[in-house]
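Undergrad: Provided herewith is a single structure, encoded as structure tokens, for subsequent inquiry.
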Amino acid sequence: MSPSADKPLSLPKTYDASKVEDAIYSSWEKSGAFKPQGDGEPYCIVLPPPNRTGILHIGHAVMLAIEDLMVRFNRMQGRKTLWIPGTDHAAIATQSKVEAQLVKKGMKNPREELGREKLLEEVTKFAAQSHETITNQVRKMGSSCDWSQEKYTLDEERNKAVNRTFEMMYEDGIIERGDRIVNWDPKMQSNVSDDEIEWIEEKTPFYTFKYGPFEISTARPETKFGDKYVVMHPDDKRYKKYKEGDTFECEWLTGKITATVIKDKAIDMEFGTGVMTITPWHDTTDFEIAERHDLDKEQIIDQKGKLLPISGDFAGMDIDVARPKIVDLLKKKGLLVSTDEDYVHRVATNYRGSAKLEPQIMRQWFVRVNKPFKVRQDTLGKWKKGDRATLKDLMRHAVDSGQTNIVPERFTKVYFHWIDNLRDWCISRQIWFGHRIPVWYKGGDIKVSEKSPGKDWEQDPDTLDTWFSSGLWTFSTLGWPDEKEWKKNREFHPTAVLETGYDILFFWVARMVLMSTYVLGEVPFKDVYLHGLVRDEKGRKMSKSLGNVIDPLDEIKKYGTDAVRLSLIIGTTPGQDTNLSESKIQGYRNFTNKLWNISRFILMQIGDPSTGSGTIKYSLSDAKQNQRATLSDKWILTRLSEVTESVTKKIEKYDFSSAGEELRDFTWGDLADWYLEIAKVEKGKEEMLNHILRTILKLWHPFMPFVTESIWQTAYSNGQLITAEWPKSESGSSKTEVKNFELLREIVTVIRRLRADNGIEPAKKLEIVIQGADALKDQQDNIAALARCSKVEFVKEIPKDWVSSSVGRGMVGLNLVGAIDVKKEKAKLEKEIEQTEKYLKTLSTRLSDPEFKKAPKKVVDKMRENKEEAEQKLNALKDRLVSL
RNA sequence: GGACGCAUAGCUCAGUUGGUUAGAGCGCACGGUUCACAUCCGUGAGGUCCCAGGUUCGAAUCCUGGUGCGUCCACCA
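The first sequence begins at 25 in my numbering and counts up by one.
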């Protein structure tokens, strides 16, 4: 019972996370607990690979906290659990970061100065360093992933997967090369995909010029050199007299030109004059118009952002420099009609570097999303092998058929909308870091092959979009296309869930669906769980410039990993952005310490927990144990069982926040504040306490792996908590006991309030009497201890000169001899009577309404019960008032 | 222009098929240190559930309209 003198517990008063976390982590890793074990149902998550560009940020921390929670939960439930870690080479991001570093060191143009091989060496070196940093940080978060299976998006095996997929798609005709308009980044010297565009608002002068008989407006006069088509809407009455194909002479930038009238529905009649000239080489819409009408396309701006000879005197000039000069020229020619200085439009920038993008027509590789091909497998359900479908069809079907489920559900709509608007995916990039396109050229011949087909063949210099390899991630990490590896891991695919931020739903999630359904005929994951963005306490995005960035590693150092994890899980809902403040983390640090002290108290109560009587399970269905159990035991066991069941269900439903909150309320509000207080009075609870402690440590483990494991290993010498069995809820519950215990709590609270209201110091012991709670007659000692009273008595009527208050169906009285103010006491009672009467009235009207019969029985019963209780309470109050 | 989300206590947010007199954490006020924990304990104050209609016996919850904030997509000559 008492702390055993011969084996003093070495638990300090305060939990110090920084002292134990690293050791615990490496003990887990060494023990092999992170590896899939047993022959339970397979459960697999692939870690969204962090980029090898820098350090772990708060978004990663959310991801790791949630994924580790799911993984630990499933592992403890006996599933054969595998969490595969890895990193992403993040092609453009990484190469441009290294280039920027080299420029900072004094290099002018790293690509020219170093050449392909040397630059790649530099980038690879940097990526290796980043890898060390980032994986150590992933460990710091407590992530229980199987490091022996770590993968890299750019390693040899993943390259095989990429090449194999490329070959398949090329064979099926859905990878094609073509001259099309792409988003060219003049700074990066590469194109980027539509999804990588970030639109930024910009105020630019908006000029209106005379163009023959028309007026046209533009914010970009520097692109207008080759313009020789004037386009209007076919239904525009203002320009009825002009017919498609009409030509006219007009004075323009480089002198007289012949322009042609084109009619196209892409024109917005409301905008500007309803007429525009087009620059097909440098504008997506214009390009499409030109394609429709088979018009000439001319390049005006080169790939470095300088004007070409077509611009005459401006040739070689930077576009920003040329623009005002071009306007001057047109003004001198008398062609400038007006200038709107307040015009705001949106310009396309690269979301990774915020450089302005310049559309260009270039020869690139594309994945055709709308082109039908012969489906390779029957496994998707909708198609037989050989049926024709498009990649879009596959992507839509995966979610439509319920094979993949998105949480929260509303993102399903967003997903479908994205697919509907999806254009062909440009996959070639003009950078060197990444998977080289497995295509070889010799004269006019093209061959797709991993290795050189022979002498004089030259490989395509470009690399693939980083998302091409990321798209394969769920199965390339499991060994595909290597037959042996893939066979070994086949059981883990489709993976259970893909957990990531909603901001990369399009970039990544959708592309994984595309790749997996195409290559394997199988969805990549059963569920998608999307978490929200973490913002600062005012709801602003975290950014270096605002100085509001919360670095998870700093917080871990200060408050411990468990506190950081809880702060990211509790109070957040899927798909919803959350605000995080340091004080929130502090609050959860307090809670970890509370749990520590709860455990410390229990361990001191029960002495040596690992020996004891040997019985650790405590069950109400065991008659012997049931007989010995007190009211508080039955209450806490029932609650524990309820909480176990509810928390399990909530985690299964991805409702982590609510699960954590419920556990916290139970641990702090029920266990610590009530049961442990009673345990100080009622003795002989060793087995109970042991059972409760073991259960809550297990329940908390997925949320707070470190503190729980630390306590577990201090208390129980055999085994680790990480691989312990998840608790099961009991079938037997004691509803009456729960109710009675709640009444006990209410009585104690009422007494505490009475004391506070009457200014009685807590140290002063008092006599109390209770009227009408006979079920609690054996609880005098507990009530006395909890409410700090010297004597508790059950009576028929409360003495006149005692202060009182209603509780449940009865009254509680407190001996304040002589101090009672009858007038005040009466007023208090009258007010309470009034409130109760009002409440009764609403209940009565509702109950007597014949229509109320429509309500479910449960509701009606509950309301009847409430009414009865209120009536008894009213009687008690009235009696008391009379007696005064 | 299209779609989505949010609006509940001073702050951050729960509130799961509509059903007790709407909740938590933080903050605030008051009281408390021997005996697990001051990273603690106890008590309390604080709400027109954004507004207006509607459906219903019953609405924070469902419907319609509006206001404010935010996000995504498309377009911007």
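Backbone N, C-alpha and C define an ideal beta-carbon position, used for all residues, glycine too.
By Cβ distance, which residues of its chain are closer than 6 Å to residue 660, with the 5 residues on each side in sequence left out?
TA: Excluding residues within five positions, the ones whose Cβ falls inside 6 Å are 699.
Undergrad: So what's residue 582 in DSSP terms, helix, strand or just coil?
TA: Residue state, collapsed to three classes: helix.
Undergrad: For residue 495, which residues in the same chain have their Cβ closer than 7 Å to its Cβ, ignoring the five residues on either side in sequence?
TA: Around residue 495: 535, 536, 538, 539.
Undergrad: Is it buried or exposed for residue 167, if we count other Cβ within 10 angstroms and need 16 for buried?
TA: So residue 167 counts as buried.
Undergrad: Of the choices 836, 361, 273, 253, whose alpha-carbon is the least far from that of residue 321?
TA: Residue 253 is the option with its Cα nearest to residue 321.
Undergrad: Comparing alpha-carbon positions, which option in 260, 490, 354, 832 lies nearest residue 889?
TA: The shortest Cα separation from residue 889 among 260, 490, 354, 832 belongs to 832.
Undergrad: Can you grab the Cα-Cα spacing for the pair residue 500 / residue 185, in whole Å?
TA: The alpha-carbon atoms of residue 500 and residue 185 are separated by roughly 6 Å.
Undergrad: My assumption, with CB atoms under 8 Å, is that residue 8 sits in contact with residue 750. Please give the rounded CB distance.
TA: Since the first residue of the chain shown is 25 and the last is 908, residue 8 is not available in this structure.
Undergrad: Can you list, in chain order, the residues of its chain whose CB lies under 6 Å from that of residue 589, leaving out five sequence neighbours each side?
TA: If we look at residue 589 and ignore the five residues flanking it on each side, its Cβ neighbours are 89.
Undergrad: Rounded to whole angstroms, what is the Cα-Cα separation between residue 309 and residue 205?
TA: If you take the alpha carbons of residue 309 and residue 205, they lie about 10 Å apart.
Undergrad: What's the gap between the Cα of residue 74 and the Cα of residue 111?
TA: Looking at the two C-alpha atoms, the distance is approximately 5 Å.
Undergrad: Could you tell me if residue 116 is buried or exposed, where buried requires 16 or more neighbouring beta carbons within 10 angstroms of its beta carbon?
TA: Buried, by the Cβ-count rule.
Undergrad: With a CB to CB cut of under 8 Å and the five nearest residues on each side skipped, what residues in its chain are close to residue 894?
TA: Contacts found: 860, 863, 864, 867.
Undergrad: Between which two residues does the beta strand (DSSP E) containing residue 388 stretch?
TA: Per DSSP, residue 388 belongs to the beta strand (DSSP E) from 382-391.
Undergrad: Please report the residue range of the alpha helix (DSSP H) in which residue 454 lies.
TA: Unbroken run through residue 454: none, as it is neither H nor E.
Undergrad: Return the bridge partner residues of residue 397 from the DSSP annotation.
TA: Paired residue(s): 413.
Undergrad: Could you work out which residue in 208, 657, 662 is closest to residue 373 when comparing CA atoms only?
TA: For residue 373, the nearest C-alpha among the options comes from 208.
Undergrad: Count the CB pairs spanning the segment 409-423 and the segment 332-340 that are closer than 8 Å, and state whether there are at least three.
TA: With the cut-off at 8 Å, the segment 409-423 and the segment 332-340 do not touch.
Undergrad: Might you give, ordered along the chain, the residues of its own chain that have their beta carbon closer than 8 Å to the beta carbon of residue 564, omitting 5 neighbours on each side?
TA: Excluding sequence neighbours, residue 564 sits near 570, 572.
Undergrad: So what does DSSP say about residue 905, is it helix, strand or coil?
TA: If DSSP states are grouped into helix, strand and coil, residue 905 belongs with the helices.
Undergrad: Can you find the residues in the same chain that come closer than 8 Å, C-beta to C-beta, to residue 551, ignoring five residues on each side of it along the sequence?
TA: Only 428, 429, 430, 431, 520, 521, 522, 678 meet the Cβ criterion.
Undergrad: If you count every other CB in all the chains shown that lies within 10 Å of the CB of residue 586, and 16 or more means buried, which is it?
TA: Burial call: buried.
Undergrad: By how many angstroms is the C-alpha of residue 136 removed from the C-alpha of residue 558?
TA: Approximately 40 Å, taken between the alpha carbons.
Undergrad: Classify residue 739 as buried or exposed, calling it buried when 16 or more other Cβ atoms lie within 10 Å of its own Cβ.
TA: It is buried - the Cβ of residue 739 has at least 16 other Cβ atoms within 10 Å.
Undergrad: How about residue 306 and residue 383: do their beta carbons lie closer than 8 Å?
TA: Yes; because the gap between Cβ atoms is below 8 Å, this pair is in contact.
Undergrad: In chain order, which beta strand (DSSP E) runs of at least 3 residues are fully inside the segment 803-860?
TA: Runs found: 813-818, 827-831, 834-838.
Undergrad: Please state the DSSP three-state secondary structure of residue 605.
TA: Coil at residue 605, not helix or strand.
Undergrad: Shortest alpha-carbon distance to residue 857 belongs to which of 839, 897, 873?
TA: The candidate whose alpha carbon is nearest that of residue 857 is 897.
Undergrad: Would you kindly work out how many angstroms separate the C-alpha atoms of residue 249 and residue 324, rounded to a whole number?
TA: Each residue's Cα considered, the two are about 7 Å apart.
Undergrad: Using DSSP bridges, identify the partner residues of residue 431.
TA: Paired residue(s): 553.
Undergrad: Rounded to whole angstroms, what is the Cα-Cα separation between residue 491 and residue 456?
TA: C-alpha separation (whole angstroms): 15 Å.
Undergrad: Using 8 Å as the threshold, is the C-beta distance between residue 77 and residue 124 below it?
TA: No, Cβ-Cβ distance for residue 77 and residue 124 is not below 8 Å.
Undergrad: Please go through the same chain and pick out, in chain order, the residues whose beta-carbon is closer than 6 Å to the beta-carbon of residue 481, but skip the five residues on each side of it.
TA: 464, 466.
Undergrad: What is the DSSP secondary structure of residue 200, counted as helix, strand or coil?
TA: Note: residue 200 maps to strand in three-state DSSP.
Undergrad: Would you grab the beta carbon distance between residue 158 and residue 107 for me? Rounded to a whole angstrom, and I think it's under 8 Å.
TA: In fact, because the Cβ distance is near 16 Å, the residues do not count as touching under 8 Å.
Undergrad: CB-CB under 6 Å to residue 82, same chain, minus the five flanking residues each way: which ones, in chain order?
TA: If we look at residue 82 and ignore the five residues flanking it on each side, its Cβ neighbours are 558, 574, 576.
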